[in-house]
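A.B. asks: Following this message is one structure expressed as structure tokens.
2 protein chains.
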Amino acid sequence: MPVAPAVNETRQWTRLMAMAEIGGFTDAAGHKGVNRPCLSAEDRRARRLLISWASELGLSVSVDPLANLFLRLEGTDPSAAPVLTGSHMDTQPNGGRFDGIWGVIAGLEAVQAILESGERPKRPIEVVAWTNEEGGRFAPGCMGSMAWSGFKPADTWDAVTDKDGITWADALREHLSAEADLPRRPLGGKPFAYLEAHIEQGPRLEAEGKDIGIVTGIQGSRWFTVEVSGRTDHAGTTPLSLRKDAVQDALRAISALNTLMHDPTDVLRFTVGSIKVWPDTSNSVAERVRFTIDFRHPDNAVLQARGDAIPGVIQAALTACTASVTERFHALPSEFDPMVPAVVEHWASALGLRAMRMPSGAFHDAQFVVPVCPTGMLFVPCRAGVSHHPSEYAEPAALAAGARVLAEALADLANR
Amino acid sequence: MPVAPAVNETRQWTRLMAMAEIGGFTDAAGHKGVNRPCLSAEDRRARRLLISWASELGLSVSVDPLANLFLRLEGTDPSAAPVLTGSHMDTQPNGGRFDGIWGVIAGLEAVQAILESGERPKRPIEVVAWTNEEGGRFAPGCMGSMAWSGFKPADTWDAVTDKDGITWADALREHLSAEADLPRRPLGGKPFAYLEAHIEQGPRLEAEGKDIGIVTGIQGSRWFTVEVSGRTDHAGTTPLSLRKDAVQDALRAISALNTLMHDPTDVLRFTVGSIKVWPDTSNSVAERVRFTIDFRHPDNAVLQARGDAIPGVIQAALTACTASVTERFHALPSEFDPMVPAVVEHWASALGLRAMRMPSGAFHDAQFVVPVCPTGMLFVPCRAGVSHHPSEYAEPAALAAGARVLAEALADLANR
Numbered sequence: 008m009p010v011a012p013a014v015n016e017t018r019q020w021t022r023l024m025a026m027a028e029i030g031g032f033t034d035a036a037g038h039k040g041v042n043r044p045c046l047s048a049e050d051r052r053a054r055r056l057l058i059s060w061a062s063e064l065g066l067s068v069s070v071d072p073l074a075n076l077f078l079r080l081e082g083t084d085p086s087a088a089p090v091l092t093g094s095h096m097d098t099q100p101n102g103g104r105f106d107g108i109w110g111v112i113a114g115l116e117a118v119q120a121i122l123e124s125g126e127r128p129k130r131p132i133e134v135v136a137w138t139n140e141e142g143g144r145f146a147p148g149c150m151g152s153m154a155w156s157g158f159k160p161a162d163t164w165d166a167v168t169d170k171d172g173i174t175w176a177d178a179l180r181e182h183l184s185a186e187a188d189l190p191r192r193p194l195g196g197k198p199f200a201y202l203e204a205h206i207e208q209g210p211r212l213e214a215e216g217k218d219i220g221i222v223t224g225i226q227g228s229r230w231f232t233v234e235v236s237g238r239t240d241h242a243g244t245t246p247l248s249l250r251k252d253a254v255q256d257a258l259r260a261i262s263a264l265n266t267l268m269h270d271p272t273d274v275l276r277f278t279v280g281s282i283k284v285w286p287d288t289s290n291s292v293a294e295r296v297r298f299t300i301d302f303r304h305p306d307n308a309v310l311q312a313r314g315d316a317i318p319g320v321i322q323a324a325l326t327a328c329t330a331s332v333t334e335r336f337h338a339l340p341s342e343f344d345p346m347v348p349a350v351v352e353h354w355a356s357a358l359g360l361r362a363m364r365m366p367s368g369a370f371h372d373a374q375f376v377v378p379v380c381p382t383g384m385l386f387v388p389c390r391a392g393v394s395h396h397p398s399e400y401a402e403p404a405a406l407a408a409g410a411r412v413l414a415e416a417l418a419d420l421a422n423r
Numbered sequence: 008m009p010v011a012p013a014v015n016e017t018r019q020w021t022r023l024m025a026m027a028e029i030g031g032f033t034d035a036a037g038h039k040g041v042n043r044p045c046l047s048a049e050d051r052r053a054r055r056l057l058i059s060w061a062s063e064l065g066l067s068v069s070v071d072p073l074a075n076l077f078l079r080l081e082g083t084d085p086s087a088a089p090v091l092t093g094s095h096m097d098t099q100p101n102g103g104r105f106d107g108i109w110g111v112i113a114g115l116e117a118v119q120a121i122l123e124s125g126e127r128p129k130r131p132i133e134v135v136a137w138t139n140e141e142g143g144r145f146a147p148g149c150m151g152s153m154a155w156s157g158f159k160p161a162d163t164w165d166a167v168t169d170k171d172g173i174t175w176a177d178a179l180r181e182h183l184s185a186e187a188d189l190p191r192r193p194l195g196g197k198p199f200a201y202l203e204a205h206i207e208q209g210p211r212l213e214a215e216g217k218d219i220g221i222v223t224g225i226q227g228s229r230w231f232t233v234e235v236s237g238r239t240d241h242a243g244t245t246p247l248s249l250r251k252d253a254v255q256d257a258l259r260a261i262s263a264l265n266t267l268m269h270d271p272t273d274v275l276r277f278t279v280g281s282i283k284v285w286p287d288t289s290n291s292v293a294e295r296v297r298f299t300i301d302f303r304h305p306d307n308a309v310l311q312a313r314g315d316a317i318p319g320v321i322q323a324a325l326t327a328c329t330a331s332v333t334e335r336f337h338a339l340p341s342e343f344d345p346m347v348p349a350v351v352e353h354w355a356s357a358l359g360l361r362a363m364r365m366p367s368g369a370f371h372d373a374q375f376v377v378p379v380c381p382t383g384m385l386f387v388p389c390r391a392g393v394s395h396h397p398s399e400y401a402e403p404a405a406l407a408a409g410a411r412v413l414a415e416a417l418a419d420l421a422n423r
């Protein structure tokens with residue numbers, strides 16, 4: 008029975024815009040952005056709104072120990088392994104209205120379309136909202152999916168703090184106690200398949216005039232924190248030759264890393280996105296600088312070779328200070344099992360949409376589901392490839408097309 | 008009548024250590040530092056302690072509209088222009104126990120020695136604690152002395168904010184209301200002379216085995232704030248060639264400034280001590296970076312030429328972002344009138360101390376007193392030239408020697 012016609016473009020858009028109010032703001036350029044940190048009051052309000060919609064559809068709600076939130080449509084065979092879909096609801100601090108949240112809303116839209124079309128699949132379908140995909144408040148990202156998949160023990164990040172010094176463990180405890188009324192489920196599971204819908208967060212689909220990206224895998228990521236330690240001194244009296252200036256040595260280190268990471272093909276991604284200085288006053292030489300490295304590449308050989316070279320390159324660049332380099336996150340490039348991408352490709356074609364196969368430049372919770380079950384993702388185009396910014400935008404029609412493919416693919420998988 | 012023998016080394020040291028408790032902390036290396044921001048609760052406690060000692064000596068206390076605090080020993084001719092001495096009580100965030108506060112305590116010690124020796128000078132002697140010399144909480148520094156001298160109008164910095172967003176005007180209002188019980192005096196005055204005692208904050212006296220630095224002038228300072236504006240993007244998907252990465256362009260700007268400021272003689276002082284990044288998350292390309300420049304030189308021609316070149320050098324270094332450059336502080340190099348340095352030199356010699364003439368590398372409140380009256384400073388050595396750090400240290404005997412020269416010089420000036 009076709010389910011795509013029951014996808015409702017306006018309903019999906021209205022829900023997205025309602026979600027965008029929660030943590031919503033308008034920037035100086037008039038763009039409507041969202042700042043919804045994981046485990047915040049805004050996150051909890053967004054989750055309650057999602058639950059209210061799910062409850063109207065008769066879906067059952069449950070929460071696991073990492074606060075991953077599940078909405079379940081029962082199958083005709085409740086003992087069958089479920090098909091899992093979803094994404095995340097947290098945003099970057101200066102984030103947009105689509106990254107993450109659309110994958111959750113699209114999952115709900117797909118389930119509602121299935122219900123309204125009269126289709127009743129064999130397998131249960133579960134929509135998941137993974138906790139802390141962005142890593143914006145607590146680094147690294149993907150904690151919820153990493154713990155769920157067993158990639159990392161659930162207590163790995165207990166001591167991680169946010170900018171206010173609140174630990175992950177405390178924030179999680181506070182959050183779970185605020186959701187004490189919701190049924191609990193254990194961590195983990197063994198779905199039949201996982202399919203995550205997401206905006207592309209890159210410029211390729213728009214540039215090539217495609218409606219749907221059939222994601223074949225995710226490039227690898229390595230995150231590092233570098234701490235450069237020198238000595239503070241009076242900015243007016245201390246000769247430059249006698250200083251141990253942490254700002255100057257951090258600058259030398261980043262310059263050397265730029266050289267290490269040089270890539271004429273422009274495939275490699277290298278970002279220093281956070282820098283903090285102590286004591287951070289204009290007339291004191293810096294004693295300490297902490298900066299982050301976000302390094303990604305689809306080729307594991309490059310990811311390993313250049314990533315492993317980082318500490319040595321930094322040490323060699325220093326003139327007066329010392330540095331410690333800590334790797335906080337290391338995700339190998341992953342290839343998806345061909346089954347889910349094939350289903351996505353089939354339905355994109357059947358619905359008359361223009362689709363292309365592509366790797367994901369961003370990492371996603373899907374990356375950690377790969378070892379657990381056949382996994383896939385589908386992308387829709389976003390304007391100018393921009394994400395993590397208030398100007399992030401995807402057309403209502405493009406999102407509806409994505410939800411139609413998702414609905415058909417989920418129904419297909421749930422009947423296998 | 009000699010007053011130097013009445014200087015009490017232990018009393019002065021005990022007072023300094025009592026002051027060091029207010030805002031005091033011990034760092035990881037076991038050094039006892041002080042964090043006493045201007046107009047903070049700690050600042051107010053320190054001022055009350057100073058007032059308690061001054062009141063025991065019968066000095067009269069008054070506060071001006073910038074919260075500059077004055078302790079006055081009456082002269083035999085109360086209508087004579089007073090001799091002014093003092094320094095400041097605020098510290099850098101990670102500061103030490105001697106910078107600033109010693110000049111105030113030494114002034115009190117000198118006055119007490121004069122009283123105890125039975126000397127009764129013709130002119131009044133006033134000990135001043137200038138407000139916000141450091142500029143650590145509210146930039147720039149020397150607000151109290153700049154307003155007192157008429158170098159800047161008193162409301163110049165009303166809108167300046169600290170890290171918590173508190174304005175200078177509000178902090179000053181709160182402070183003055185907490186000191187509403189203290190007599191008020193108008194801003195400004197016309198002293199006969201000003202003599203400020205301070206630790207050297209540099210390595211020269213220690214290296215050359217001298218007890219006293221006879222300061223002949225202060226090098227010039229120019230402070231700038233640079234704001235680099237780009238665009239935030241997803242760190243995993245956005246090709247480096249398409250980015251407007253504010254961190255990378257700030258780094259190019261600082262590298263270009265390093266070249267501009269290169270000085271083989273190592274006389275020039277150039278410091279980037281504060282860097283802030285927005286949104287400051289590891290997996291977002293930086294949209295905006297703000298950094299500070301502290302540039303100093305004793306030669307006005309160099310100070311003007313290289314300082315004026317800063318905006319152009321930054322603009323030329325940018326590849327994708329824009330930048331705005333704001334000059335926040337501009338103090339010309341100043342030469343002291345020869346009178347006060349000659350008095351200091353006479354008494355250092357008369358007391359058998361080893362002295363040398365030298366310019367000041369740091370700026371000081373004395374700089375702004377220069378146009379008002381004959382001005383001078385005396386330095387004592389500090390360990391390894393370190394200041395603005397918990398390891399800042401000066402020997403009790405060195406500080407006592409400085410206080411003896413100060414006491415004799417003040418008594419001498421006050422009898423002229």
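Which chain is which? The protein sequence lines are A and B, in order.
Going by this note's numbering, 330 is the number at position 323 of the first sequence; the sequence numbering is gapless.
Going by this note's numbering, 216 is the number at position 209 of the second sequence; the sequence numbering is gapless.
All residues carry an ideal CB built from backbone N, CA and C; glycine is no exception.
None of the values given here were measured: they were computed from a predicted structure.
From the DSSP output, read off the bridge partner residues of B/Val233.
C.D. replies: Residue 233 of chain B sits at position 226 when you count from the first residue of the second sequence. In DSSP, B/Val233 forms a bridge with B/Phe298, B/Val332.
A.B. asks: Note the first and the last residue of the continuous beta strand (DSSP E) segment covering B/Glu203.
C.D. replies: Along the second sequence, one-based indexing puts residue 203 of chain B at 196. Residues 200-206.
A.B. asks: So, does the CB of B/Pro246 fall closer than 8 Å to a CB anywhere in chain A?
C.D. replies: Here residue 246 of chain B refers to the residue found at position 239 when the second sequence is read from its first residue. Interface residue, yes.
A.B. asks: Is there a Cβ of chain A sitting closer than 8 Å to that of B/Arg104, yes or no?
C.D. replies: The residue labelled residue 104 of chain B in the question sits at position 97 within the second sequence. Chain A contact via Cβ: absent.
A.B. asks: Indicate whether A/Gln208 and B/Thr278 have their beta-carbon atoms separated by less than 8 Å.
C.D. replies: Taking the first residue of the first sequence as 1, we reach residue 208 of chain A at position 201. Taking the first residue of the second sequence as 1, we reach residue 278 of chain B at position 271. Cβ distance not < 8 Å, so A/Gln208 and B/Thr278 don't count as in contact.
A.B. asks: Would you mind reading off the limits of the alpha helix (DSSP H) that contains A/Leu417?
C.D. replies: Position 410 of the first sequence, counting from 1, holds the residue named residue 417 of chain A. 403-421 is the span of the alpha helix (DSSP H), which, as asked, contains A/Leu417.
A.B. asks: On the CB-based measure, 16 or more other CB atoms within 10 Å of its CB, does A/Asn307 come out buried or exposed?
C.D. replies: Position 300 of the first sequence, counted from the start, is the residue given in the question as residue 307 of chain A. By the 10 Å Cβ count, A/Asn307 comes out exposed.
A.B. asks: Can you give me the start and stop residues for the beta strand (DSSP E) that B/Pro366 sits inside?
C.D. replies: By one-based count along the second sequence, residue 366 of chain B stands at place 359. B/Pro366 -> beta strand (DSSP E) spans 362-367.
A.B. asks: Please specify which runs of the alpha helix (DSSP H), each continuous and at least 4 residues long, are wholly inside the region 157-203 of chain A, giving them in chain order.
C.D. replies: 175-185
A.B. asks: Between A/Thr17 and chain B, is there a C-beta pair that is closer than 8 Å?
C.D. replies: On the first sequence, residue 17 of chain A is found 10 positions in, with the first residue counted as 1. So no, A/Thr17 is outside the interface.
A.B. asks: Report the option in B/Ile112, B/Thr163, B/Ala200, B/Gly172 whose CA atom is closest to the CA atom of B/Arg130.
C.D. replies: As a first step, residue 130 of chain B must be located in the second sequence, where it is residue number 123. Ranking the options by Cα distance to B/Arg130, first place goes to B/Ala200.
A.B. asks: Who are the near neighbours of A/Gln119 in its chain, counting only those whose CB is closer than 7 Å to its CB and skipping five residues on each side?
C.D. replies: The sequence position of residue 119 of chain A within the first sequence is 112, counting from 1. Cβ within range, chain order: Leu64.
A.B. asks: By the DSSP assignment, the beta strand (DSSP E) with B/Thr223 in it spans what residues?
C.D. replies: Residue mapping note: residue 223 of chain B aligns to position 216 of the second sequence, counting from 1. Start and end: 219-225.
A.B. asks: Flag this pair as yes or no: are the beta carbons of A/Gln99 and A/His395 separated by less than 8 Å?
C.D. replies: In the first sequence, counting from the first residue as 1, residue 99 of chain A sits at position 92. In the first sequence, counting from the first residue as 1, residue 395 of chain A sits at position 388. Yes.
A.B. asks: Taking the alpha carbon of A/Ala117 as the reference point, which residue from A/Asn422, A/Leu417, A/Ala421 has its own alpha carbon closest?
C.D. replies: One-based indexing of the first sequence puts residue 117 of chain A at position 110. Among A/Asn422, A/Leu417, A/Ala421, the Cα nearest to that of A/Ala117 belongs to A/Leu417.
A.B. asks: Assuming contact is defined by CB atoms lying nearer than 8 Å, are A/Gly143 and B/Thr288 in contact in what I supplied?
C.D. replies: On the first sequence, residue 143 of chain A is found 136 positions in, with the first residue counted as 1. On the second sequence, residue 288 of chain B is found 281 positions in, with the first residue counted as 1. Yes, these two residues count as a Cβ contact at 8 Å.
A.B. asks: Rounded C-beta distance between A/Trp60 and A/Gly93? I'm assuming under 8 Å.
C.D. replies: Reading the first sequence from its first residue, position 53 is the one you call residue 60 of chain A. Reading the first sequence from its first residue, position 86 is the one you call residue 93 of chain A. Not confirmed; about 14 Å, so no contact.
A.B. asks: Can you list, in chain order, the residues of its chain with a C-beta nearer than 7 Å to that of B/Phe375? Leave out the 5 residues immediately preceding and following it.
C.D. replies: Here the question's residue 375 of chain B lines up with position 368 in the second sequence. The residues are Cys149, Ser152, Met153, Ser156, Phe158.
A.B. asks: Alpha carbons only, please: which of A/Arg423, A/Gly102, A/Pro345, A/His95 is nearest the one belonging to A/Thr223?
C.D. replies: The sequence position of residue 223 of chain A within the first sequence is 216, counting from 1. Ranking the options by Cα distance to A/Thr223, first place goes to A/Pro345.
A.B. asks: Kindly identify the DSSP beta-bridge partner or partners of A/Arg303.
C.D. replies: The residue labelled residue 303 of chain A in the question sits at position 296 within the first sequence. Answer is A/Ser228, A/Arg276.
A.B. asks: The alpha helix (DSSP H) with A/Gly32 in it runs from where to where?
C.D. replies: On the first sequence, position 25 is the one that residue 32 of chain A refers to. The sequence given here has Phe at residue 32 of chain A, not Gly. Secondary structure note for A/Phe32: it is in no alpha helix (DSSP H), and the uninterrupted beta strand (DSSP E) holding it is 31-33.
A.B. asks: Beta-carbon of B/Asp287 versus every beta-carbon of chain A: anything under 8 Å?
C.D. replies: Here residue 287 of chain B is taken as the residue at index 280 of the second sequence, counted from 1. At least one CB atom of chain A sits nearer than 8 Å to the CB of B/Asp287.
A.B. asks: Tell me the rounded alpha-carbon separation between B/Ala178 and A/Ala242.
C.D. replies: As a position in the second sequence, residue 178 of chain B is number 171, starting the count at 1. As a position in the first sequence, residue 242 of chain A is number 235, starting the count at 1. Spanning the two alpha carbons is a distance of roughly 26 Å.
A.B. asks: For the beta strand (DSSP E) containing B/Glu133, list its first residue and its last residue.
C.D. replies: Indexing the second sequence from 1 puts residue 133 of chain B at position 126. Note, B/Glu133: beta strand (DSSP E), 132-137.
A.B. asks: Using beta-carbon positions only, say whether B/Ile206 and B/Ser341 come within less than 8 Å of one another.
C.D. replies: Position 199 of the second sequence holds residue 206 of chain B. Position 334 of the second sequence holds residue 341 of chain B. No. Outside cutoff.
A.B. asks: Any chance you could list the alpha helix (DSSP H) runs of at least 4 consecutive residues sitting entirely within the region 12-76 of chain A, in chain order?
C.D. replies: Counting only runs of 4 or more residues that sit fully inside the region 12-76 of chain A, the alpha helix (DSSP H) segments are 16-27, 48-63, in chain order.
A.B. asks: Please report how far the alpha carbon of B/Ala253 lies from the alpha carbon of B/Gly31, in whole angstroms.
C.D. replies: On the second sequence, residue 253 of chain B is found 246 positions in, with the first residue counted as 1. On the second sequence, residue 31 of chain B is found 24 positions in, with the first residue counted as 1. Answer to the nearest angstrom: the Cα atoms are 37 Å apart.
A.B. asks: With 8 Å set as the bound, which would you pick, yes or no: does the beta-carbon of B/Gly143 sit closer than that to a beta-carbon of chain A?
C.D. replies: For this step, residue 143 of chain B is matched to residue 136 along the second sequence. In terms of beta-carbon proximity, B/Gly143 lines the interface with chain A, with at least one pair separated by less than 8 Å.
A.B. asks: Strictly below 9 Å CB to CB, what residues from chain B border A/Phe277?
C.D. replies: As a position in the first sequence, residue 277 of chain A is number 270, starting the count at 1. What A/Phe277 touches in chain B: Ala242, Leu247.
A.B. asks: Which bits of chain B does A/Ser47 rub up against, with CB to CB less than 7 Å?
C.D. replies: Translated into positions along the first sequence, residue 47 of chain A becomes position 40. Within chain B, no residue comes near A/Ser47; the closest Cβ sits about 15 Å away, beyond 7 Å.
A.B. asks: Are the beta-carbon atoms of B/Gly102 and B/Val167 separated by less than 8 Å?
C.D. replies: Start at 1 with the first residue of the second sequence, and residue 102 of chain B comes out as number 95. Start at 1 with the first residue of the second sequence, and residue 167 of chain B comes out as number 160. No. Outside cutoff.
A.B. asks: If A/Ala263 sits next to A/Ile321, beta carbons under 8 Å apart, how far is it from one beta carbon to the other, in whole angstroms?
C.D. replies: As a first step, residue 263 of chain A must be located in the first sequence, where it is residue number 256. As a first step, residue 321 of chain A must be located in the first sequence, where it is residue number 314. Yes, A/Ala263 and A/Ile321 are in contact; Cβ-Cβ is about 7 Å, under 8 Å.
A.B. asks: Would you please state the rounded distance, in angstroms, between the beta carbons of A/Ala324 and A/Ala260? I believe it to be under 8 Å.
C.D. replies: Within the first sequence, numbered from 1, the residue matching residue 324 of chain A stands at position 317. Within the first sequence, numbered from 1, the residue matching residue 260 of chain A stands at position 253. At roughly 5 Å, the Cβ-Cβ gap stays under 8 Å, so A/Ala324 and A/Ala260 are in contact.
A.B. asks: If you measure beta-carbon to beta-carbon, which residues of the region 383-399 of chain B are closer than 8 Å to chain D?
C.D. replies: Of the chains in the structure shown, none is chain D; the protein chains are A and B.
A.B. asks: Thinking A/Val68 and A/Ser62 are a contact (beta carbons under 8 Å), I'd like their distance in whole angstroms, please.
C.D. replies: Here residue 68 of chain A is taken as the residue at index 61 of the first sequence, counted from 1. Here residue 62 of chain A is taken as the residue at index 55 of the first sequence, counted from 1. Their Cβ separation, rounded to whole angstroms, is 7 Å, which keeps A/Val68 and A/Ser62 in contact under 8 Å.
A.B. asks: Beta-carbon of A/Asn101 versus every beta-carbon of chain B: anything under 8 Å?
C.D. replies: Here residue 101 of chain A refers to the residue found at position 94 when the first sequence is read from its first residue. So, interface residue.
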